[in-house]
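In what follows, a single structure is set out as structure tokens and then discussed.
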Ligand SMILES: [Zn+2]
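In the numbering used here, the protein residues as written are -17 to 187.
Right, here's the structure in full:
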């Protein structure tokens, strides 16, 4: 009886520790653009073509790029991430934002309230829209993984990063059916912690 209780307790503690500390691969999102079907039609004569698939299922970096500009600054050759979406979105770092003279809000993808206005252009055409954000730090996972970790969508977790510039930062769980388990940081966060794509962090509650 006592032994059984003891073993169960040990098992519960081990399980808790396992759930509370989980290794995760970190990927870095450079500045990029998502386009709607309408915006794409204004900017290109042909469909997006796949340069390379991303870890997130169905997502790809396109061969096609655009110019992103404001009256203060410009970035050429900004990669489009496909497939086309129901919203236009320009995701940049704060360092990028300074060069463009804008102050985008930190947002979850698709949440564009307060987004900054930028112009997206190609040789074919251009659109100007309030669609620029700084992406929030997030960790993708599918519902099975979320269940395993005891995590719900939008829950704030801790990511510990080791190395010469180590630290612990907040990341938000992003649970979706096609979610591939990995953290996405922008280039400012990655550079601050000397992170390279594929580095491993430790996730905890
Ligand atoms: Zn992501």
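Even glycine gets a Cβ: it sits at the ideal position worked out from N, Cα and C.
Between the CA atoms of residue j and residue i - distance to the nearest angstrom
i	j	result
residue 149	residue 116	21 Å
residue 79	residue 72	11 Å
residue 46	residue 23	13 Å
residue 183	residue 26	39 Å
residue 34	residue 136	28 Å
residue 16	residue 66	7 Å
residue 10	residue 166	6 Å
residue 191	residue 96	For residue 191 there is no data in the structure shown, the boundaries of the chain being -17 and 187.
residue 129	residue 103	42 Å
residue 6	residue 164	6 Å
Assigned secondary structure, residue i (DSSP; H/G/I helix, E/B strand, else coil)
i	result
residue 209	A query on residue 209 cannot be resolved here, the shown segment of the chain reaching from -17 to 187 and no further.
residue 106	coil
residue 52	coil
residue 188	What the structure shows of the chain is the stretch from -17 to 187, and residue 188 is not part of that stretch, so it cannot be assessed.
residue 170	helix
residue 114	strand
residue 187	coil
Can you list, in chain order, the stretches of the alpha helix (DSSP H) that have 4 or more residues and sit fully within the segment 117 to 162? 125 to 131
Within the chosen definition, does the segment 117 to 133 reach the segment 149 to 162 through at least 3 CB pairs nearer than 8 Å? yes
For the segment 28 to 88, which segments carrying the alpha helix (DSSP H) assignment without a break, of at least 4 residues, lie completely within its bounds, in sequence order? 76 to 82
Relative to ligand 1, what is the chain-ordered list of residues with a Cβ closer than 6 Å to any of its non-hydrogen atoms? This selection yields 120, 122, 166.
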